[in-house]
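Okay, so the sequence shown: first residue is 1 according to UniProt numbering, each after it adds one.
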Amino acid sequence: MKEERKPSGFSPFSDIVFCALALSCLYALIQNVHSPGEPSHNHQKVLNLPNDRSCRSLSGRIRSDVKELRIPYLTEDEEEPLYADGHSGVDTDRSLLIPEIYNDMKGSFWKKYDKVLTEKEKTTRIKNVMLFKNQDSQKTTDEELYEKIDQLKGPVDAATMIFVWNYFHDHERNKYIWMLEDVRETCIALADNYCVPPEYAHNQFRYVHDKMIKMLLIREKFEMKNIKQFASDAILCARWEFQRYLKYKRASWAYFTQSMERKSTEVLQECFCSFDNMNTSQMSLKLGKTHTRPASSFLAKASSAVEMFLMPCLLKWGLPSLVTHFFWAPSRHFPCAHPRGAISIS
1 MKEERKPSGF SPFSDIVFCA LALSCLYALI QNVHSPGEPS HNHQKVLNLP NDRSCRSLSG
61 RIRSDVKELR IPYLTEDEEE PLYADGHSGV DTDRSLLIPE IYNDMKGSFW KKYDKVLTEK
121 EKTTRIKNVM LFKNQDSQKT TDEELYEKID QLKGPVDAAT MIFVWNYFHD HERNKYIWML
181 EDVRETCIAL ADNYCVPPEY AHNQFRYVHD KMIKMLLIRE KFEMKNIKQF ASDAILCARW
241 EFQRYLKYKR ASWAYFTQSM ERKSTEVLQE CFCSFDNMNT SQMSLKLGKT HTRPASSFLA
301 KASSAVEMFL MPCLLKWGLP SLVTHFFWAP SRHFPCAHPR GAISIS
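Here it is as structure tokens:
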């Protein structure tokens with residue numbers, strides 16, 4: 001006789017719910033556990049530093065007014081967080097080149113944050129810096145730059161963000177300077193097209209150049225303030241968030257550079273076109289005056305001769321209409337001072 005199977009104590013639905021709860025608990029545990037190999041005494045000595053590791057990665061989409069997005073954490077006395085001394089911060093697994101870079105980074109942005117970084121995080125920071133160390137931003141192409149940015153390892157600390165941003169900023173600034181050289185070439189071409197004197201073209205370009213440099217300085221001042229506010233949000237930043245920030249800045253710089261090039265070209269073209277029209281009008285007016293003066297002088301002499309010798313004879317012969325037609329309608333035979341030529345009398 002077949003034995004009846006006893007119903008299982010757990011249904012498939014309950015198994016799924018149990019697995020989901022277990023994974024949720026495991027995820028929550030991972031979020032609150034220190035990184036592997038991280039000494040716990042480092043974080044015990046941090047004052048007023050609530051959950052700095054996860055606050056930045058949960059921020060929303062980077063808006064156009066990024067400068068208002070990042071706010072540094074302050075103590076009750078409105079001072080920057082302070083850290084207790086006592087941690088040596090000596091690493092034993094670095095190569096000969098790494099200590100030099102490490103010392104340079106310690107003297108950069110908020111070196112007191114170095115006391116709460118683990119050895120693994122310090123090594124990650126050094127590797128990120130090595131991607132841009134001893135690299136000339138003027139010789140780096142856009143593809144090479146953003147390939148390096150994509151190779152960043154996370155999380156990224158504040159000092160590394162400042163270091164990478166400085167390289168990125170120099171690259172975009174150089175592109176703006178190269179754009180000024182393109183505007184210079186455009187100015188020369190427009191001056192040749194509109195037959196503008198070199199001195200006038202040079203003065204107009206200097207005016208546009210100074211305006212564009214002024215806009216660049218304003219932009220740099222804003223960008224420096226912006227990155228400091230962005231980096232001051234926490235000790236560490238999620239790698240993807242910092243990469244997103246740089247990509248946003250790349251698009252912003254591209255729009256700024258292209259718009260300034262377009263506006264400067266339009267200003268130069270308008271100035272040269274106005275100069276060409278004004279010069280044409282003045283030349284036409286000058287030519288009209290030079291042709292009118294000899295005609296007027298000739299008519300004055302002819303009129304005096306007629307009055308003295310010919311007028312009595314013509315009147316005696318009964319030709320008054322011929323005299324009036326010839327001597328009092330000079331515009332039919334001589335051009336007057338009009339830019340388009342002589343004005344005919346109907």
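Ideal placement from N, C-alpha and C gives every residue a C-beta, glycine not left out.
Backbone secondary structure at residue i - three-state DSSP
i, result
"C237", "strand"
"V183", "helix"
"P197", "coil"
"S232", "coil"
"P50", "Legend: pLDDT at P50 = 36, less than 50; position of this residue unreliable, value from coordinates given subsequently. The answer is coil: DSSP assigns P50 none of H, G, I, E or B."
"F13", "helix"
Inter-residue spacing [alpha-carbon to alpha-carbon] between residue i and residue j
i, j, result
"residue 349", "E119", "There is no way to answer for residue 349, as the model of the chain reaches only from 1 to 346."
"residue 367", "L131", "No answer is possible for residue 367: it lies beyond the span of the chain, which begins at 1 and ends at 346."
"R250", "C271", "32 Å"
"M212", "S24", "55 Å"
"A191", "F168", "35 Å"
"F13", "L26", "20 Å"
"V129", "T160", "7 Å"
"V156", "D142", "22 Å"
"E172", "R219", "11 Å"
"F222", "S252", "12 Å"
"I177", "L216", "9 Å"
"T292", "S274", "Annotation note: pLDDT 46 at T292 (below 50); position unreliable, coordinate value reported separately. T292 and S274: Cα-Cα distance of roughly 27 Å."
"R56", "N277", "Any reading at R56 needs caution, since the residue's pLDDT is 44, under 50, leaving its predicted position unreliable; the model's value is listed next. About 59 Å."
"Q243", "L180", "28 Å"
"Y207", "R125", "45 Å"
"L145", "K153", "15 Å"
"L117", "K214", "40 Å"
"E199", "D170", "33 Å"
"T123", "A22", "33 Å"
"D210", "Y255", "20 Å"
"V267", "K175", "21 Å"
How do the stretch 227-238 and the stretch 170-188 stand: do at least 3 beta-carbon pairs fall below 8 Å, yes or no?
No, the stretch 227-238 is not in contact with the stretch 170-188.
Please list the segments of the beta strand (DSSP E) lying wholly inside the stretch 112-166, counting only runs of 3 or more residues, in order along the chain.
Segments of the beta strand (DSSP E) lying fully in the stretch 112-166: there are none.
Is the stretch 192-202 in contact with the stretch 162-174, if contact means three or more CB pairs nearer than 8 Å?
No contact exists between the stretch 192-202 and the stretch 162-174.
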